[in-house]
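Protein chains in written order, with our numbering: chain A, 24 to 525; chain B, 83 to 450.
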């Protein structure tokens, strides 16, 4: 037997047609979404990986990763980056992406249990275990950071209760409560295939550029698993499309929904690319063009045309938004930075210069005046009240209409005697397709007004899992002063002129 | 002073506000969110939250307080399993080089194939239903152990398959096909197959753990991975007993955490399914508000009047006799091969030495 045959023998035909119970009781969710399967057994697992191969490859990867992590920790790598404000971005990643990895772990187990196709199940279960890996190697890093910096010490409470976390959490909660095939397309295709490159690659290269070797290594180590997950996403999509023509419109609807859903949670990633690193490797706009427009839309969706699949409904909107996305999102983060666990910051001269050069059509005209307001007073842009947030993506409704950047893009819809608000046409359409579901979204402001967060601001922050001093602006913060002190302690404050040698 | 040896002042000794004693706890505790899931399931138990205590009948005063005795998290787990996997590779390679099976008694070759190869389906079905546990169990400490157990079971299903191809088989998958026919159609396997089919439609995740790991697993794994070793050796087979030793190492850990899990549940006097919120600091949680209406009000959820112990006892009364009955017919396979071995002796020994004492430790009874 060759390797392929052997792999097949090891991993297939392990399940059977039950005799004492009805197959539909065993897999009760297989038909609920209207997906038709004819002969899914012919489908091939894209990444033939046995248990033995998995534990060998992964233990090698982990050995390497933890060696880098330990070196970083003992040598206080955090004090050696070019600017400590980078870690405010890492904090965003820590408390938003890390719990998302964990949610994906539970989700992949759900998919594998409920889709009666062994090849898919094998790949999804490997991925379920991978996602646990990502959650844990990431949290291991933040555990060390938390000993030196603010904002992380109650990360799971923050994840449970804070407004900011409702954004990634509602995305994964949406998939966790969907049917198994939709969840598969949501995560394996829309999230993994379309977007993980842009999640891990630009941010990792920024990490390398600013000198955060640990994060750079972690990004790459995680991404090495993602390539497997992307292959699964592609294969799963093709399988559903090839199984039955009736699946095509269903899958198209999911692609439409989850493209925009995934794109919206990446709003914060755009600020981690354009704003937080003092030395940037690439701009969001350029990364979006490279990873999404060229690779995914130019390559992939051209291939999918023959199945009758067209690009996602609001794809053009995301293209139009690329010159606004990071700035509009950073503006939102600056608005509410006094109630967030990662800080905003006053832009420096070199930031204005870089942003102006990279975004000649938009930054100076629409966004620079806003950021300039903070030059003298870091709280100058703080609004007095609570933000109105989008009923789907849960980001404050503060995105400009990319066709008319002076106007808000905010949309409205009536449902069940209530007016619902949305950040964009993409989110509005998603709501209208499943209003029953989206009217259940949890809005922290409502819980706050109902008294669930306690009666005082102090109690509210306790519920959030951090103190007011851990929020706000970076260069006026205690974390900045700590970082300076760590550098002095290590002698990193000394300056040498490389041009002068005796 | 040499700057490299300087120690930077820390702002806190322990990374998280909840106390952690080791790496395992650092990366495991509070991983799962307990409140404020956004939507209800669209198709399954549509009234429950994403992580909801009502997916099982038993309650805990602190779901996050469970600890895996081996403290496995991802990295130590894959390190450890890599060692086992290397051992298995070595066992198979040596077995092939020594041509062990050309000197093994033919009746044992046939019998061992008939006994082990169908069990790949047993292991796989267990792994499948453990994925249900991984999704619905409360808290990372519990589901994490279930995750690795499911992965182990997939691994064992593959080891058995590989063994079936390389050794008693013809280096093709015909041995696996024959194994599947036995599993599906042979009377010796009917009850065990039906047991697994019943397991696969069991919704309560803690009951799944009981049915799989407290009832049938001790009987099957002791028989397969321990009690047959001497018999195999006496027929000249040194491959299978060595493979069994590796499998048994996995099983020993599974038994350990499962027993700890049921102690954790049965000895918890908690009668209110929302009690665990207190330890998390959510004692005043008013239920899930959505636009002035409450999706879940803990005060209005009817409580089960039975204690955890009584619930687990009911599971025991249901599953233990079925498990005993399911394994006994495997005797047919020995009789057909004319090999002298008593399945019932093995099963009764496991019952007396493992199942009964484990249940007694929990203050429960075991009826067969």
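Glycine included, C-beta positions come from ideal geometry on N, C-alpha and C.
As the structure is a computational prediction, the values presented were derived from the model and not from experiment.
- In the DSSP annotation of this structure, the continuous segment of the beta strand (DSSP E) that includes residue 435(A) starts and ends at 434-438.
- Linking residue 57(A) to residue 155(B) through their CA atoms gives a straight-line distance of about 38 Å.
- Annotation: residue 305(A) to residue 81(A) spans about 30 Å, alpha carbon to alpha carbon.
- Distance from residue 377(B) to residue 197(B) at the Cβ level is roughly 51 Å; contact not present, criterion being Cβ atoms closer than 8 Å.
- Assignment of residue 371(B) by DSSP, reduced to helix, strand and coil, places it in the strand class.
- When DSSP states are grouped into helix, strand and coil, residue 181(B) belongs to the coil group.
- DSSP places residue 442(A) in the strand class (E or B) of the three-state scheme.
- Put simply, the backbone Cα of residue 131(B) is about 8 Å away from that of residue 117(B).
- Taking a Cβ-Cβ cut-off of 7 Å, residue 452(A) has no neighbours in chain B, whose nearest Cβ is about 17 Å from it.
- For the pair residue 218(A) and residue 493(A), the Cα-to-Cα distance works out to about 31 Å.
- At least one beta carbon of chain A lies nearer than 7 Å to the beta carbon of residue 118(B).
- Looking at the backbone, the Cα of residue 344(A) and that of residue 420(A) are separated by about 15 Å.
- Judged by DSSP in its simplified three-state form, residue 427(A) adopts strand.
- Residue 88(A) counts as buried, since no fewer than 16 other beta carbons sit within 10 angstroms of its beta carbon.
- The C-alpha of residue 380(A) lies about 29 Å from the C-alpha of residue 406(A).
- Taking the Cα of residue 425(B) as reference, the smallest distance to any Cα among 406(B), 254(B) and 435(B) is reached at 406(B).
- Taking a contact as a CB-CB distance under 8 Å, the pair residue 250(B) and residue 183(B) counts as one, their CB atoms being some 7 Å apart.
- Excluding residues up to 5 positions away in sequence, 114, 364, 365, 489 and 493 lie with their Cβ nearer than 7 Å to the Cβ of residue 174(A) in the same chain.
- Note on residue 163(A): 16 or more other CB atoms within 10 angstroms of its CB, so buried under the neighbour-count rule.
- Residue 242(A) is not bridged by DSSP to any residue.
- With respect to residue 269(A), residue 59(A) sits close: the two C-beta atoms are nearer than 7 Å.
- Segment contact: the segment 318-331 of chain A against the segment 228-248 of chain A, fewer than three CB-CB distances shorter than 8 Å; contact not assigned.
- Here residue 367(A) is bridged, per DSSP, to 496(A).
- A residue is called buried once 16 or more other Cβ atoms fall within 10 Å of its Cβ, and residue 137(B) is buried on that count.
- Across the structure, residue 295(B) and residue 317(B) are spaced so that their CA atoms are roughly 30 Å apart.
- In the three-state DSSP reduction, residue 151(B) falls in the coil class, being neither helix nor strand.
- Closer than 7 Å to the CB of residue 156(A) there is at least one CB belonging to chain B.
- Taking a 10 Å sphere around the C-beta of residue 312(B), we find fewer than 16 other C-beta atoms and assign the residue as exposed.
- Residue 412(A) carries a strand assignment under DSSP once its states are collapsed to helix, strand and coil.
- Taken through DSSP and simplified to helix, strand or coil, residue 385(A) comes out as coil.
- Annotated as distal: residue 227(B) and residue 373(B), with beta-carbon spacing of 7 Å or more.
- Per DSSP, the continuous alpha helix (DSSP H) segment holding residue 391(A) begins and ends at 391-395.
- In the DSSP assignment, the residues bridged to residue 376(B) are 371(B).
- Secondary structure note for residue 352(B): it is in no alpha helix (DSSP H), with a DSSP letter that is neither H nor E.
- Residue 98(B) and residue 186(A) have their C-alpha atoms roughly 21 Å apart.
- Chain B has a Cβ within less than 7 Å of the Cβ of residue 202(A).
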